[in-house]
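With our numbering, letter number 181 in the sequence shown gets 181, and the count goes up by one each step, no holes.
Note that CB positions come from ideal geometry on N, CA and C, so glycine has one too.
Keep in mind the model is a prediction, meaning the values are calculated, not measured.
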Amino acid sequence: MSDLERTVRETIDRWRLLPAGDTVVVGVSGGADSLCLLHLLQRLAPEYGVRLYVGHLDHGIRGEEAREDAAFVEALCKGWGLPYTVRRIDVPALARERHLSLEEAARQARYRFLGELARSLGAHTVAVAHHADDQVETVLMHLLRGSGLAGLRGMRPLSRLEDLRLGEGVAFGEIRLVRPLLGVSRPEILTYCQEHGLQPHFDLSNLDRTFYRNRLRHELLPLLETYNPNIRQVLWRTAEVIAADYALLREVLEGAWRRLVRHESPNAIAFDLAAFRAQPLALQRSLLREAVHRLRRSLRNINWVHIENAVEIAREGHTGAQATLPQGLMLIVGYDVLTVSAADRRWVDPNRPHVWAPLPLPFEGETPLPESDWVAYTAIFPREALAEAWARNTDPLAGYFDAEAFHSPPVLRPRREGDWFIPLGLGHRQKVGDL
């Protein structure tokens, strides 16, 4: 048994990548990586009790060369007796339509194709051929663009397909994405192909340095190797360390989520405000990112600035303070809850009255509070008729004001910084916030 096969077996067993009885959809481009993966899985399939199904996508970018790749994969599957599906998608048109880079549009199209294929087959596992060198490039790319622990841990051997940020409305449930080759290097893969007589196709677009990842591969990594010849191993090991730390943070996050969340629905998540503010900063950031991800199934376009701004408002903002988030979301500081919700479908705690914007009130009458079943009642009474109630004011939902002090109808609104009032009998101003 070769070192490569031993490493792959260890990865499969440790992460339970091949559940017995499942159909595994294998993404095969025709290149060395995917050819090595398919050859290995075909040998291991009887042992692990899985069935293989090959998926190949022509991205509509490379013309005749791509058609040759598709024909190669088709002939390979027929020769090896494997079922397959070959499909073509116009990725350049997709990129224009969704305002994406060509790389991002190709990535989304590829994973959507594999996910839809798996769903149509009743399969629960999609296997792709990412290896250790891909991992190094991914970690470096995330570092250069800016990322938290989730990004710096790179790719994982086992994840959920729908966690890949494939666009709004894309849901693949519990379909798993597995990467059995993540612990082996590109040179090991090329050696395996040579030893087993595999003749992969070479994608010339991998040499095109207009693509960001290709510049990392062909320019930046060789430069970094002049500073540290072992930079690839260093980055790979760093990703493993960060992944372990991130797993611990996820456990802490899930425990805090159970304690702090007072309401969760498809359109809104509300935290206990006091409990949220008592958490460490790192956990506050993670809670808000998790809320966005649960509401939108994606963190696309959510960057450090958005989260930091939202955290600052959550920590320091007064009642009614808001922070705008991408993807049509907003954060609102309530009286005792902190809500992340769709901007057009805010959640209101039915047990408490809320106003988000100034609401004019008549001197006498009823005014329904927006987005709730609460009603504000206003009336003018002679002072002597309310002497006892005025003095005691034991009802937290009632307020008494000097009607003669109003020069225009009252307005009900959230508190603002610097608001003040003169309490009965005190004789001087007091800040509402201090109260």
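So what does DSSP say about Ile302, is it helix, strand or coil? coil
Using a Cβ-Cβ cut-off of 7 Å (strictly less than) and excluding sequence neighbours within five positions of Leu114, which residues of its own chain qualify? Val25, Gly27, Gly55, Val126
Cutting at 8 Å between CB atoms, please list the residues of its own chain near Asp434, excluding the five before and the five after it. none
How do the stretch 263-280 and the stretch 135-149 stand: do at least 3 beta-carbon pairs fall below 8 Å, yes or no? no
Among the residues of its own chain, which have a CB less than 8 Å from the CB of Tyr246, if the five just before and after it don't count? Leu149, Ala150, Arg153
Tyr111 to Leu161, Cα distance in whole Å? 8 Å
If contacts are defined as beta-carbon pairs under 8 Å, then Leu37 and Ala129 qualify, I think. What distance do you get, rounded to the angstrom? 4 Å
Cβ-Cβ distance between Glu366 and His354 below 9 Å: no
In the DSSP assignment, find the alpha helix (DSSP H) that holds Arg294 and state where it starts and stops. 281-296
Whole angstroms are fine: how far does the CA of Ser265 sit from the CA of Arg294? 9 Å
Classify Tyr437 as buried or exposed, calling it buried when 16 or more other Cβ atoms lie within 10 Å of its own Cβ. Here the chain has residues from 1 to 435 only, and residue 437 is not among them.
Answer yes or no: do Thr378 and Leu359 have a C-beta to C-beta separation smaller than 9 Å? no
Kindly identify the DSSP beta-bridge partner or partners of Arg51. Thr23
Assigned secondary structure, Gly399 (DSSP; H/G/I helix, E/B strand, else coil): coil
Nearest to Glu188 (by Cα), restricted to the options Asp133, Ser408, Asp163, Leu220: Asp133
Select from Gly63, Ala385, Trp374 the residue whose C-alpha is nearest the C-alpha of Leu397. Trp374
Which first and last residues belong to the alpha helix (DSSP H) in which Val73 is found? 64-80
Short Cβ contact (9 Å threshold) for Pro92 with Tyr53: no
Gly365 in three-state terms, based on DSSP: strand
For His124, count neighbouring C-beta atoms within 10 Å of its own C-beta (all shown protein chains included) and say buried if the count is 16 or more, exposed if not. buried
Tell me the DSSP bridge mates of Ala376? Thr367
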